[in-house]
Amino acid sequence: MDMGLRDKVVVITGASKGIGLAMTEAFAGEGARVIAGSRTKGEGLSRLSRAYPVLPVAVDLGAPEGPAELVGRAVEKFGGVDVLINNVGAITPRGGFLSVEDEDWRWAIEMNLMTAVRASRAALPVMLERGGGAIVNVSTVLARQPAPPMVDYSASKAALSNLTKTLAEEFGPRGVRVTAVSPGPVRTPLWTDEGAMADAMAAMAGISKEEAISEGIPQSMNVTLGRMGEAAEIAALVLFLASERASYVAGSEHLVDGGMIKSL
Ligand SMILES: NC(=O)c1ccc[n+]([C@@H]2O[C@H](COP(=O)([O-])OP(=O)(O)OC[C@H]3O[C@@H](n4cnc5c(N)ncnc54)[C@H](OP(=O)(O)O)[C@@H]3O)[C@@H](O)[C@H]2O)c1
């Protein structure tokens, strides 16, 4: 199926690893030109930039001017932006609500909400000038499912889900479709890095990291399909939402969680 993405200019935040890297590969494979932003380039982006029109940009997206700098590189190099994927996000497991300080809250809101606010504010005028575009925000199941150790992450992602609706309402009539995806647990460095969440969960449950990834995490999160997701499975949905095949999809948030969320 032709997704209508050939030669489109796609900006992806948090592109060097995990879901962002899988999306960069998916869009590049459809013939899009990808501006891939992260602090480091890494092996994955280096490989993709040799095979496709992928431009890795080293940028701190947590800095106030970072997102606009990334969008600016797309305009400079390719003359505009058609698609923005607000993917960058960060999580630090907490010891419960009472232990989370103002500084922790500020960090979570900066990384999970303000990165998308700033990238959207920079990209929207450019999209409107071109007559339209698409923005896809990467939220999480925790935007609707309570998880006390992730209280600041969950609340900042819930704000991102809400922002999706508001931007869709304001800019849909002017040709920009804004949507969100909410993944369940996905096997990426966010979980699998040394000392990251898979290690923490393994230590808590008294099992190995491999057992945590293959069974412990999906079981404890009640994932119907019984496994963690793969980054490419999230990328496939994001690619569809950003494509012309999703031309009547706007303002909606789409679960891609292996059945984890049981409510309608
Ligand atoms: N994995 C999951 O289970 C899961 C579930 C639900 C939602 N999500 C969401 O999906 C998105 C991607 O998650 P992931 O699991 O792929 O994460 P990940 O494996 O930790 O990758 C994060 C990406 O963001 C980049 N990044 C982090 N801080 C940055 C900064 N300050 N400036 C620029 N780039 C930065 C990292 O690259 P550098 O280190 O090179 O900067 C990396 O490319 C996040 O928004 C996350 O909340 C993930």
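Residue numbers (numbering that gives the first Met the number 0): 0 to 263. Here a beta-carbon is modelled for each residue, glycine too, at the ideal position from N, C-alpha and C.
Using only alpha-carbon positions, find the residue among the options that is nearest to residue i.
i: A57; options: I216, L189 and I34; result: I34
i: N136; options: K156, A121 and D151; result: K156
i: L166; options: A195, A154, A118 and A204; result: A118
i: S207; options: M113, M220 and T191; result: T191
i: V9; options: S45, Y51, T39 and P148; result: Y51
i: W106; options: I216, A154 and V255; result: A154
i: I84; options: S262, S242, V255 and L263; result: S242
i: R173; options: A199, P124 and A158; result: P124
i: P92; options: F170, S160 and P148; result: P148
i: G257; options: L240, E42 and E232; result: E232
i: G183; options: E210, A146, K76 and R176; result: A146
i: P55; options: P66, A67 and T39; result: T39
i: G61; options: G88, A142 and A121; result: G88
i: D59; options: R226, T114, M0 and L254; result: T114
i: R120; options: G43, S262 and A67; result: A67
i: V82; options: A142, A245 and V255; result: A245
i: G41; options: A25, G132, K7 and P188; result: P188
i: G71; options: M126, V255 and M0; result: M126
i: E128; options: E102, V175 and A142; result: V175
Since residue i is in the alpha helix (DSSP H), which residue starts that stretch and which ends it?
i: N111; result: It is not in any alpha helix (DSSP H) - N111 carries neither H nor E in the DSSP assignment.
i: V74; result: G65 to F77
At which residues does the beta strand (DSSP E) containing residue i begin and terminate?
i: L132; result: A small correction: the amino acid at residue 132 is Gly; Leu does not occupy that position in the sequence shown. Start and end: G132 to V137.
i: V255; result: E252 to V255
i: I11; result: V8 to T12
i: N85; result: V82 to N85
Since residue i and residue j are thought to touch, with beta carbons under 8 Å apart, how far apart are those beta carbons, to the nearest angstrom?
i: D151; j: V185; result: Not really, about 20 Å apart at Cβ, beyond 8 Å.
i: T139; j: S181; result: 6 Å
i: A204; j: G215; result: 5 Å
i: T23; j: L47; result: 6 Å
i: A230; j: I90; result: With a Cβ gap of about 16 Å, A230 and I90 do not count as contacting.
i: G79; j: G171; result: That belief does not hold up - the Cβ atoms of G79 and G171 are roughly 19 Å apart, past 8 Å.
i: E252; j: T163; result: 6 Å
i: N221; j: L159; result: 23 Å between Cβ atoms; not a contact.
i: A234; j: A14; result: Wrong, their Cβ atoms sit about 11 Å apart, outside the cutoff.
i: G36; j: L69; result: 4 Å
i: L236; j: V255; result: 5 Å
i: F77; j: L238; result: About 19 Å; that fails the 8 Å criterion.
Is residue i close to chain C, meaning its C-beta is less than 8 Å from at least one C-beta of that chain?
i: I18; result: Absent here is chain C; the protein component of the structure consists of one chain.
Would you check whether ligand 3 has a heavy atom nearer than 7 Å to the C-beta of residue i?
i: R226; result: Annotation note on ligand 3: not contained in the displayed structure, which lists ligand 1 as its ligands.
* Give, in chain order, every unbroken run of the alpha helix (DSSP H) that is at least 4 residues long and sits entirely within the stretch 153-234. => Contiguous alpha helix (DSSP H) elements confined to the stretch 153-234 occur at 188-191, 196-204 and 216-219, taking only those with 4 or more residues.
**OP:** Jot down the residue ranges of each uninterrupted beta strand (DSSP E) in the stretch 26-53, minimum 3 residues, whole runs only, in chain order.
**Re:** With a minimum length of 3 residues, the continuous beta strand (DSSP E) runs that stay inside the stretch 26-53 are 32-37.
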